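**Student:**
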Amino acid sequence: MKPTKAALCLKSFEEIKALLKAKSISFPDASLRAAPAVEEEPEAENEEDLFRRAMEGVTPIPHPNFVERGLPRLPSEKTGDSPEVEPLLKLKDLVQQGMGFEVAHTPEYIEGTMYQVPPEVARRLHRGDFSIQAYINLHRWKVADAQEAFERFIKWAITTGKTGVLIIHGRGLSSPHEPILKQKVVEWLTRGPWRKWVVAYASARSCDGGAGATYALLRRRPVSNRFKRTK
Numbered sequence: 413m414k415p416t417k418a419a420l421c422l423k424s425f426e427e428i429k430a431l432l433k434a435k436s437i438s439f440p441d442a443s444l445r446a447a448p449a450v451e452e453e454p455e456a457e458n459e460e461d462l463f464r465r466a467m468e469g470v471t472p473i474p475h476p477n478f479v480e481r482g483l484p485r486l487p488s489e490k491t492g493d494s495p496e497v498e499p500l501l502k503l504k505d506l507v508q509q510g511m512g513f514e515v516a517h518t519p520e521y522i523e524g525t526m527y528q529v530p531p532e533v534a535r536r537l538h539r540g541d542f543s544i545q546a547y548i549n550l551h552r553w554k555v556a557d558a559q560e561a562f563e564r565f566i567k568w569a570i571t572t573g574k575t576g577v578l579i580i581h582g583r584g585l586s587s588p589h590e591p592i593l594k595q596k597v598v599e600w601l602t603r604g605p606w607r608k609w610v611v612a613y614a615s616a617r618s619c620d621g622g623a624g625a626t627y628a629l630l631r632r633r634p635v636s637n638r639f640k641r642t643k
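Numbering-wise, the working numbering puts 504 at position 92 of the sequence shown, and it's gapless, one number per residue.
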């Protein structure tokens, strides 16, 4: 009698079981299996440590032109005994207030007075002896537009009783030959229809634009038609 297929399978399993007992083979529990070891990454070095390691054995070469130096401290007016104090105080006044720089001593300086007005008035105007009550900025304007704005400004200043005004025109450094707008402002003050209202004019102080601006001292009433040209 031939064995059935089920008997063959059972016999086969029994043989495997007997073989496992004979060999003492056991399968470990999956929960007890050791996890693979994780290698810890070395701690990253900072830039300073890396630089020091790279520079090991390197001797720095001194540079004779490198001098570590702080900015000079500007002393107060009370510490006037040191010989270095006065130049520093003058530098402080120049930077903060424009004091010490005389625009009148530069080739760009302009001044003028009208008929029967002593030249000292123009110098006083430049020094700031007269109050500046209004200003107009014409810098970088085209001549035609600047003239129109200039005339409106002067008319407004006269009608509102302003006697000291400032006209900013720029130094004309970008002009190929001479400062055009600056010359035009002088022309409008001395030859235009508003000249009868002008007492004097002068380049502004550095704090108000220096040679790039002009003070104008105006009259409260125009002079008669028998005026003369600027001195």
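Backbone N, C-alpha and C fix where the C-beta goes; we use that ideal spot for every residue, glycine too. Values in this document were obtained by computation on a predicted structure and should not be read as measured data.
When the Cα atoms are used, what is the spatial distance from residue 357 to residue 611?
**Tutor:** The first residue shown for the chain is 413 and the last is 643, placing residue 357 beyond what the model contains.
**Student:** Just to confirm the assignment, what range does the alpha helix (DSSP H) spanning residue 569 have?
**Tutor:** 555-571
**Student:** Exposed or buried, which one is residue 597 when buried takes at least 16 other CB atoms within 10 Å?
**Tutor:** Sixteen is the threshold: when 16 or more other Cβ atoms of the shown chains lie within 10 Å of the Cβ of residue 597, as they do, the residue is buried.
**Student:** Specify the secondary structure class of residue 520 as computed by DSSP and reduced to three states.
**Tutor:** coil
**Student:** Taking just the CA atoms, how far does residue 555 sit from residue 543?
**Tutor:** 28 Å
**Student:** Within a Cβ cutoff of 8 Å, which residues of the same chain sit near residue 553, ignoring the five residues on either side of it in sequence?
**Tutor:** 561 and 593
**Student:** If we ignore side chains and look at the alpha-carbon of each, how far apart do residue 565 and residue 630 end up?
**Tutor:** 12 Å
**Student:** Tell me residue 577's beta-bridge partners as DSSP assigns them.
**Tutor:** 546 and 628
**Student:** Using CA atoms only, rank isn't needed, just tell me which of 632, 541, 528 and 579 is closest to residue 601.
**Tutor:** 579
**Student:** Determine the DSSP secondary structure at residue 615, reduced to helix, strand or coil.
**Tutor:** strand
**Student:** So, at 8 Å on beta carbons, what are the nonlocal neighbours of residue 540 in its own chain, with the 5 sequence-adjacent residues on each side left out?
**Tutor:** 617
**Student:** Would you list the residues sitting across from residue 525 in a DSSP beta bridge?
**Tutor:** 612
**Student:** Which stretch, first to last residue, makes up the alpha helix (DSSP H) that contains residue 533?
**Tutor:** 532-539
**Student:** Output the boundary residues of the alpha helix (DSSP H) element that contains residue 593.
**Tutor:** 592-602
**Student:** Just checking my contact of residue 626 with residue 522 at CB under 8 Å: how many whole Å lie between their CB atoms?
**Tutor:** Yes, they are in contact, since the Cβ atoms of residue 626 and residue 522 sit about 7 Å apart, within 8 Å.
**Student:** Assuming contact is defined by CB atoms lying nearer than 7 Å, are residue 537 and residue 623 in contact in what I supplied?
**Tutor:** No. Outside cutoff.
**Student:** For residue 509, which residues of its own chain have a beta-carbon under 8 Å away from its beta-carbon, when the five flanking residues on both sides are left out?
**Tutor:** Annotation note: pLDDT 47 at residue 509 (below 50); position unreliable, coordinate value reported separately. Within the same chain, residue 509 has close Cβ partners 619.
**Student:** From residue 581 to residue 595, what does the alpha carbon distance come to, in whole angstroms?
**Tutor:** 9 Å
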